[in-house]
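Oh and the sequence shown: position 228 is 260 in the numbering used here, straight run, nothing missing. Have a look at the structure below, then the notes.
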Amino acid sequence: MENKKIFVNFKMHFSEDEVSCYLQNIRGKIKCKDVVFFPSNLYSYMFLKEHYKVGLQNIYKENVGAYTGEVSAYQASSMGIEYALIGHSERRNLFHEKNSDIAKKICVATENDVTAVLCVGETKKERLFHREKKVVKKQIKEALKNIKTGEYLILAYEPIWAIGGMESLCLKEIEAMVLYIRKIIQKYFPNVVIPILYGGSIHEENIKELLTLKEVDGFLIGSASLDFKKLLKIIEVAVPM
Ligand code: PEP
């Protein structure tokens, strides 16, 4: 079985000391190009120093300028940060990010050789009304409006209602959505293989069955990664050393 990608989103968790302790606990236990950490921007340097692959949880839609409080793909790239989550549901919902902003962010990321991890997914209500495909298609279409190459692009399918809890989609439903997303993406970039990740309540107990999904290239992990032991268990089965 091929290694899957494991993308670890710490969100706004941990102090500097806590990150230090976390890094100490995982040191020497992860040696893999397929694991990417998305720490708080403040602590990116700590992961880079230990030669982990690093991504930002968000970027701004411009490269430089008078945008107090923002961080750009241009800056990230200059530090060796290779990835950026774009359009995470928490950004869309809490910070009112629109598909038009997301489209600009994807452009600046890819122009700076930062791989954009475009997050898409439906709400519970949209799924109940069988609108998940329509919703996700619109999110992808609008986000990829200005993009010129698929070279620096990854898709992450995350049903919003499955994030941060214990409720995940069943395997068949995940596979169906990932296949659907692949079909859409192939129309944009027929000659590029774009990885598709799944995210939402993945933990050390359901990772084994999720690994059987051939269509899924990797996983985005939130809550479970806050406990280094749980993350190591997930990595142990998904990307053995
Ligand atoms: C996420 O927020 O992207 C995520 C996958 O979170 P969790 O693992 O907590 O569902």
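Even glycine gets a Cβ: it sits at the ideal position worked out from N, Cα and C.
Please classify residue i: is it buried, with 16 or more other beta-carbons within 10 angstroms of its beta-carbon, or exposed?
| i | result |
| --- | --- |
| serine 52 | exposed |
| lysine 215 | exposed |
| valine 225 | exposed |
| leucine 74 | exposed |
| lysine 230 | A small correction: the amino acid at residue 230 is tyrosine; lysine does not occupy that position in the sequence shown. With 16 or more other Cβ atoms within 10 Å, it is buried. |
| cysteine 202 | exposed |
| serine 109 | buried |
| histidine 83 | exposed |
| serine 47 | exposed |
| asparagine 144 | buried |
| proline 191 | buried |
| histidine 162 | exposed |
At a cut-off of 6 Å, would you count residue i as near the ligand PEP, judging by its Cβ distance to the nearest heavy atom?
| i | result |
| --- | --- |
| serine 255 | yes |
| glycine 97 | no |
| glycine 119 | no |
| isoleucine 274 | In this structure the chain extends from 33 to 273, so residue 274 is not present and cannot be described. |
| asparagine 125 | no |
| serine 72 | no |
| serine 200 | no |
| leucine 252 | yes |
| isoleucine 228 | no |
| glycine 232 | yes |
| glycine 196 | yes |
| asparagine 35 | no |
Which residues does DSSP list as the beta-bridge partners of residue i?
| i | result |
| --- | --- |
| lysine 294 | Look at the range of the chain in this structure, 33 to 273, and you will see that residue 294 is not part of it. |
| lysine 37 | Gly250 |
| leucine 211 | According to DSSP, leucine 211 bridges with nothing at all. |
| tyrosine 115 | Gly87, Thr147 |
| alanine 188 | Cys151, Leu229 |
When the Cα of residue i is compared with those of the options, which residue comes out closest?
| i | options | result |
| --- | --- | --- |
| asparagine 95 | Ile186, Tyr106, Val271, Leu229 | Tyr106 |
| methionine 72 | Glu50, Phe42, Gly101 | In the sequence as presented, methionine is not what sits at residue 72; that position holds serine. Residue Phe42 is the option with its Cα nearest to serine 72. |
| valine 271 | Ile186, Ser255, Ile179, Lys240 | Lys240 |
| alanine 188 | Gly232, Ile267, Asn223 | Gly232 |
| asparagine 125 | Ile195, Asp66, Pro222 | Ile195 |
| glutamate 34 | Leu243, Tyr220, Lys137 | Leu243 |
| lysine 17 | Lys165, Leu150, Cys151 | Any question about residue 17 goes unanswered here, given that the chain covers just 33 to 273. |
| glutamate 154 | Ala116, Tyr115, Lys177, Ser200 | Ser200 |
| glycine 182 | Lys93, Ile267, Pro227, Asp49 | Pro227 |
| valine 86 | Ser76, Val149, Val168 | Ser76 |
Beta carbon of residue i: closer than 6 Å to some heavy atom of the ligand ADP?
| i | result |
| --- | --- |
| leucine 150 | Absence of the ligand ADP is noted for the structure shown, with the ligand PEP being the only ligands found. |
Next on the checklist: Measuring CB atoms only, is the segment 248 to 267 touching the segment 35 to 54, in the sense that at least three cross pairs come out at less than 8 Å?
Outcome noted: At 8 Å Cβ cutoff, the stretches touch.
Next on the checklist: Would you call the segment 61 to 69 in contact with the segment 210 to 219, where contact means no fewer than 3 C-beta pairs closer than 8 Å?
Outcome noted: Using a C-beta cut-off of 8 Å, the segment 61 to 69 makes no contact with the segment 210 to 219, since fewer than three inter-stretch Cβ pairs fall below that distance.
Next on the checklist: I'd like to know if the segment 162 to 177 and the segment 128 to 148 are in contact, where contact means that at least 3 CB-CB pairs between them fall below 8 Å.
Outcome noted: Counting C-beta pairs closer than 8 Å gives three or more between the segment 162 to 177 and the segment 128 to 148, which meets the contact rule.
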